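Undergrad: Quick note, the sequences are listed as chains W and H, same order. Residues in the first sequence are numbered consecutively from 835, following my numbering. Residues in the second sequence are numbered consecutively from 835, following my numbering. Virtual Cβ for every residue (Gly too), placed ideally from N, Cα, C. Please read all numbers here as calculations on a predicted model, not as lab measurements. Here you go, one structure.
Protein chains: 2
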Amino acid sequence: MKIGIIGTGAVGRTIASKLVELKHDVMMGTRDVTEKLGSTAKDAYGNPSFSEWYKTNNKVKLGTFAEAGSFGEIVVNATHGGSSVTALLLTGAKNLTKKILIDIANPLDFSNGMPPGLLPGLNNTNSLGEEIQKTFPDTMVVKTLNTMWCGLMINPKLIGNGDHVNFISGNNTEAKNKVKTILNQFGWSDENIIDIGDIKGARATESMLPIWLKVMSVMKNGAFNFKIVK
Amino acid sequence: MKIGIIGTGAVGRTIASKLVELKHDVMMGTRDVTEKLGSTAKDAYGNPSFSEWYKTNNKVKLGTFAEAGSFGEIVVNATHGGSSVTALLLTGAKNLTKKILIDIANPLDFSNGMPPGLLPGLNNTNSLGEEIQKTFPDTMVVKTLNTMWCGLMINPKLIGNGDHVNFISGNNTEAKNKVKTILNQFGWSDENIIDIGDIKGARATESMLPIWLKVMSVMKNGAFNFKIVK
């Protein structure tokens, strides 16, 4: 399947590599292709530059946001939450029309220091997932994978034999089922993909970031996830 | 130990019964003792009236908020989050001075229908736990147990052999250690009591309510909790 990924950070790269491994055809989208390919500085988290990463991941295509949006039969939003709507507007509503947009971003607000809270206007009574759905009413937004470290998104079996949960929400059941198929390919079992209903569910999963960050600060490591005991 | 409980709803009753079973001396506080003892109507959740419950739980003392606050060496806030500060002001700062206040309430906002969000001003960049700590600076507020159904608070072994998590936060380490002793009595193992630091941790645990409510709506049952897989 042709998949476009909006964003070239650690999360986008992790998803892109895995999708290529799974024989999908992947194009990542960025604001300025020439600048991105010429970048040599590590990012704020110490990850290698895109050009360094790209040397060993050259089956991934690179294009503008609009080109990646147009390319994808399914599009993934892997931008920072604070930039997501802007990046998706540059991607273009027409390039997203009648397509599934998998939103894995979180509206983290770093303006008050660490740990981040959630961005004003995108928390509690709204969410990034809902905001994107409202901005692109002809797109089927599916929120998932946003409650964990990216290494687990594409390899849940890294811990606890994969027996921990990933939430999914969105207004369109058929779209969620298609996304579940990709999640299955990543290693998620059906019983651990928990459907929490329409896109308002994004409020609930994005609200898990504060406890996720607290647990990470205790664990000193992102390789953990939540399981539901019943 | 003498323990005061502010609030007489299902959560307060559950905690009170368990503390009596553990041989603690318990007084519950309410706004109007005569009215509470005379009540015969079930509450909004279908729980029996207080007077009905009290027939089989008469080792628990009943007093005003202030009397219960004065009585307790440790005080528990088991009111609805929207009423907590008001109820604690009626309890009286002097009755809470230099005492541990265990805050198990959540600032749920039912004004926009179900499921509730969190109350304006008490979410994201603030929390009920912090608001109480700011209002009563001479009290040691410890936030815990607010991320689960009350039946599990006092009996974690009801599911999964008790192997699931309870978060604790507060500014005073000694106070948290005393609360941990009570949590141990409830059946919580030390390794499943996760200390997430100062009272700002209340932002993180109160923010878990939206996902808790979503999972409950999927499970059709409150007898579940989160475990951390690593």
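State yes or no: is the beta carbon of K991(H) nearer than 7 Å to at least one beta carbon in chain W?
TA: Chain W, which has no Cβ nearer than 7 Å to the Cβ of K991(H), makes this no.
Undergrad: Quick check for students: name the residue ranges of the beta strand (DSSP E) that lie wholly in the stretch 838-903 of chain H, counting only runs of 3 or more.
TA: As far as the stretch 838-903 of chain H is concerned, its whole beta strand (DSSP E) runs of at least 3 residues are 859-864 and 895-898.
Undergrad: If we ignore side chains and look at the alpha-carbon of each, how far apart do L956(H) and D943(H) end up?
TA: Going from the Cα of L956(H) to the Cα of D943(H) covers about 10 Å.
Undergrad: Just mark P1044(H) as buried or exposed, buried being the case when its beta carbon has 16 or more other beta carbons within 10 Å.
TA: Label assigned to P1044(H): buried.
Undergrad: Just checking G951(H) against the ligand SAH - is the residue's beta carbon closer than 6 Å to any of the ligand's heavy atoms?
TA: In the structure on display, the ligand SAH does not appear, and there are no ligands present to speak of.
Undergrad: Taking Cβ positions, are I993(W) and V910(W) nearer each other than 7 Å?
TA: No, Cβ-Cβ distance for I993(W) and V910(W) is not below 7 Å.
Undergrad: List the residues that DSSP assigns as beta-bridge partners of V976(W).
TA: Answer is I936(W) and G1004(W), bridged to V976(W).
Undergrad: Restricting to Cα atoms, I'd like to know which of S883(H), T973(H) and A912(H) is closest to N1006(H).
TA: Closest option to N1006(H), Cα to Cα, is T973(H).
Undergrad: Would F982(H) pass as a contact of N1059(H) if the rule is Cβ separation under 7 Å?
TA: Reading off the sequence shown, one finds Met at residue 982(H), where the question assumed Phe. Yes, the Cβ-Cβ distance between M982(H) and N1059(H) is below 7 Å.
Undergrad: Are I837(W) and I908(W) closer than 7 Å when you measure CB to CB?
TA: Yes, they are a contact pair.
Undergrad: Pull up the distance between the alpha-carbon of D937(H) and that of N960(H), whole angstroms please.
TA: Answer to the nearest angstrom: the Cα atoms are 15 Å apart.
Undergrad: What is the C-beta distance between V919(W) and E965(W), in whole angstroms, given that I count them as a contact (C-beta under 8 Å)?
TA: Right, their Cβ atoms sit about 6 Å apart.
Undergrad: Which one or two residues does DSSP pair with F1060(H) in a beta bridge?
TA: I1062(W), per the DSSP bridge assignment.
Undergrad: Determine the direct distance from the alpha carbon of N989(H) to that of P990(W), and round the result to whole angstroms.
TA: P990(W) and N989(H): Cα-Cα distance of roughly 30 Å.
Undergrad: Taking 7 Å as the CB-CB limit, is T959(H) close to chain W?
TA: Yes, its Cβ sits closer than 7 Å to a Cβ of chain W.
Undergrad: Do you know how far the Cα of V1063(W) is from the Cα of N1018(W)?
TA: Going from the Cα of N1018(W) to the Cα of V1063(W) covers about 22 Å.
Undergrad: Is P941(H) buried or exposed, if buried means 16 or more other CB atoms sit within 10 Å of its CB?
TA: With 16 or more Cβ atoms within 10 Å of its Cβ, P941(H) is classed as buried.
Undergrad: Would you check if the stretch 1014-1031 of chain H and the stretch 911-930 of chain H touch, i.e. whether three or more CB-CB distances between them fall below 8 Å?
TA: In short, these stretches do not touch, since the Cβ pair count stays below three.
Undergrad: Beta-carbon within less than 6 Å of M835(W)'s beta-carbon, same chain only, minus the 5 sequence neighbours each way: which residues are those?
TA: The residues are H858 and E907.
Undergrad: For R1037(H), return the contacting residues in chain W, with the cut-off set at a CB-CB distance below 8 Å.
TA: In chain order: G951 and P1044.
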